[in-house]
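Here's the structure we're looking at; comments come further down.
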Amino acid sequence: DAGVTQSPTHLIKTRGQQVTLRCSPKSGHDTVSWYQQALGQGPQFIFQYYEEEERQRGNFPDRFSGHQFPNYSSELNVNALLLGDSALYLCASSPRRGRDTQYFGPGTRLTVL
Amino acid sequence: KQEVTQIPAALSVPEGENLVLNCSFTDSAIYNLQWFRQDPGKGLTSLLLIQSSQREQTSGRLNASLDKSSGRSTLYIAASQPGDSATYLCAAVNTGGFKTIFGAGTRLFVKA
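Protein chains in written order, with this note's numbering: chain A, 884 to 996; chain B, 3 to 114.
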């Protein structure tokens, strides 16, 4: 079992650009959650996907959107990038809509210049 | 709105010491509470999960307790080792949607 995988590992973009981050959940997990972690802070919940629909959303603008595919993998899209979007983006998977332990991927480090 | 606070923000202890990390939450309507470890620049590793109906969970040298009525959880680490040096995060999973709210973490350094 490969666990939760994320791609790419690192990404550098400029302000105003758009970015897509990808996540493959742990085998057997049907729920994917995305988090943003700024340096020195705890992860901030962006949204959760289950059965290909966004089920919960944190306090993030509409520039942040996502998608879940039939194989449970997920994408996070961020439009009109701002300098403040620079962070580590973490994906977590779990069974049963987050009722059980969440397993995290290694993250994607996004730098916006 | 759920808020999670962790105290202290940083802690430095000599090897072998027993220590307690604290986590408090404002909304007692939680489904479970989880403790994670994060090494610098890495993802999170799950340590312990306590369901809302439980009072504590143990794994090796780690013991986590939960008191919903007071909105508190503690992580006890026995006989600390330099390999325990990391940031420890607690996260409250709310009922009715299972949104996860993290604290800012406690950065632990264990000196050899």
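By construction, the Cβ of each residue, glycine as well, lies at the ideal position given by its N, Cα and C atoms.
None of the values given here were measured: they were computed from a predicted structure.
Length of the line joining the Cα atoms of B:Ile52 and B:Tyr78: 14 angstroms
C-beta neighbour in chain B for A:Glu899, strict 8 angstroms: Before going further, note that residue 899 of chain A is Gly rather than Glu in the sequence given. No, its Cβ sits nowhere closer than 8 angstroms to a Cβ of chain B.
Hey, does B:Tyr90 have any beta-carbon neighbour from chain A nearer than 8 angstroms? no
Closer than 8 angstroms, CB to CB, is B:Thr60 near chain C or not? Protein chains in the displayed structure are A and B, and chain C is not among them.
Measuring alpha carbon to alpha carbon, tell me which residue in A:Arg898, A:Val995, A:Ser916 is nearest A:Tyr955. A:Ser916
Go through the stretch 15-51 of chain B residue by residue and report every complete run of the beta strand (DSSP E) that reaches 3 residues or more, in order. 21-27, 32-40
If we ignore side chains and look at the alpha-carbon of each, how far apart do B:Pro10 and B:Asn24 end up? 7 angstroms
Nearest-angstrom Cβ-Cβ length linking A:Phe930 and A:Glu936, presumed shorter than 8 angstroms: Not really, about 10 angstroms apart at Cβ, beyond 8 angstroms.
Below 8 angstroms on the Cβ atoms is my contact criterion, and I expect A:Gln889 with A:Thr991 to pass it. Report the Cβ-Cβ distance as a whole number of Å. 5 angstroms
Can you tell me whether DSSP reads A:Leu966 as helix, strand or coil? helix
Cα-Cα separation between B:Leu91 and A:Phe947, rounded to whole angstroms: 24 angstroms
Separation of B:Thr108 from A:Gln924, as counted between CA atoms: 10 angstroms
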